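Asks:
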Amino acid sequence: AQTVTQSQPEMSVQEAETVTLSCTYDTSESNYYLFWYKQPPSRQMILVIRQEAYKQQNATENRFSVNFQKAAKSFSLKISDSQLGDTAMYFCAPGGSNYKLTFGKGTLLTVNP
Amino acid sequence: DVKVTQSSRYLVKRTGEKVFLECVQDMDHENMFWYRQDPGLGLRLIYFSYDVKMKEKGDIPEGYSVSREKKERFSLILESASTNQTSMYLCASGSRRGDEQYFGPGTRLTVT
Chain D
19 AQTVTQSQPE MSVQEAETVT LSCTYDTSES NYYLFWYKQP PSRQMILVIR QEAYKQQNAT
79 ENRFSVNFQK AAKSFSLKIS DSQLGDTAMY FCAPGGSNYK LTFGKGTLLT VNP
Chain W
638 DVKVTQSSRY LVKRTGEKVF LECVQDMDHE NMFWYRQDPG LGLRLIYFSY DVKMKEKGDI
698 PEGYSVSREK KERFSLILES ASTNQTSMYL CASGSRRGDE QYFGPGTRLT VT
């Protein structure tokens, strides 16, 4: 079984600044994947970024990057040059040997103008 | 583009009614999932299906059942709706292990 902790229920950031959302997880598996999903207000859940646990290199996707610390079981999301459209609920989700994902409780990020 | 659609965006039902929520995906994905989303609790897996007619319980299956008669369609059934099943229900589909899941727009169900 996997567990996920997102310790920041809410965060806010000024437009153009950088913000980091934290996520820690626990898993007994050696080969797993990690995801960050974004759910804008009243809109569909979409994938932000994906990390394969066996890869040491941190994943990046434009303004989004992760800091993956495998030994510490930490998977934080950094958003650079924050934009108003980044306002959303963000979920961290590890996935293991089956096809299931375990979602954290989410962090509500508000980007202020 | 992958598309996952859900039969209703909003639904209001009475206690004791039988409720059907339907999900359809157009990418020939083997796996389909039903989640429930509640404030402060994140997404919790109700059921998932890895093939036609195959299903597996998730973390909170009590009070729910599912049906998958065709690969593209996955239904969630509330046999006798109760007020504590008022929630947002999200359907998702995915292919291989490690691939992302694609989500539908969600159904906000209110049981009165």
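Protein sequences appear in the order of chains D and W. If you count the first sequence from 1, position 65 lands on 83 in the working numbering, and the numbers rise without skipping. If you count the second sequence from 1, position 85 lands on 722 in the working numbering, and the numbers rise without skipping. By construction, the Cβ of each residue, glycine as well, lies at the ideal position given by its N, Cα and C atoms. Note that the structure is a prediction, hence the values are computed from the model and not measured.
Quick one: Cα of residue 642/W to Cα of residue 716/W, how far?
Replies: Their Cα atoms are separated by approximately 22 Å.
Asks: Determine whether the Cβ of residue 742/W lies closer than 8 Å to any Cβ atom of chain D.
Replies: Yes, its Cβ sits closer than 8 Å to a Cβ of chain D.
Asks: Please confirm if the stretch 48-55 of chain D is in contact with the stretch 65-75 of chain D, defined as three or more CB-CB distances below 8 Å between the two stretches.
Replies: Enough Cβ pairs lie closer than 8 Å, so yes.
Asks: DSSP state of residue 85/D, grouped into three classes?
Replies: In this structure, residue 85/D counts as strand in the three-state DSSP scheme.
Asks: Let me know if residue 657/W comes out buried or exposed under the rule of 16 or more other beta-carbons within 10 Å of its beta-carbon.
Replies: Looking at its Cβ environment, which holds fewer than 16 other Cβ atoms inside 10 Å, residue 657/W is exposed.
Asks: Hey, residue 85/D and residue 71/D: beta-carbon distance below 8 Å or not?
Replies: No, Cβ-Cβ distance for residue 85/D and residue 71/D is not below 8 Å.
Asks: Determine whether the Cβ of residue 658/W lies closer than 8 Å to any Cβ atom of chain D.
Replies: Not one chain D Cβ lies under 8 Å of residue 658/W.
Asks: In chain order, what residues of the same chain have a beta carbon less than 8 Å from the beta carbon of residue 130/D, not counting five sequence neighbours either side?
Replies: Cβ within range, chain order: 30, 31, 32 and 33.
Asks: Leaving out the 5 sequence neighbours to the left and right, which residues in its chain are closer than 6 Å to residue 662/W when beta-carbon positions are compared?
Replies: Correct list, in chain order: 641, 709 and 730.
Asks: Given 8 Å as the limit, is there contact between the stretch 648-656 of chain W and the stretch 667-681 of chain W, that is, 3 or more CB pairs closer than that?
Replies: Counting Cβ pairs under 8 Å, fewer than three are found: no touch.
Asks: Jot down the residue ranges of each uninterrupted beta strand (DSSP E) in the stretch 48-88 of chain D, minimum 3 residues, whole runs only, in chain order.
Replies: The qualifying runs are 51-57, 64-70 and 82-87.
Asks: Taking a contact to mean a Cβ-Cβ separation below 8 Å, would you say residue 91/D touches residue 43/D in this structure?
Replies: Yes.
Asks: How would you label residue 27/D, buried or exposed, when you count the other beta carbons within 10 angstroms and need 16 or more for buried?
Replies: Flag for residue 27/D reads exposed.
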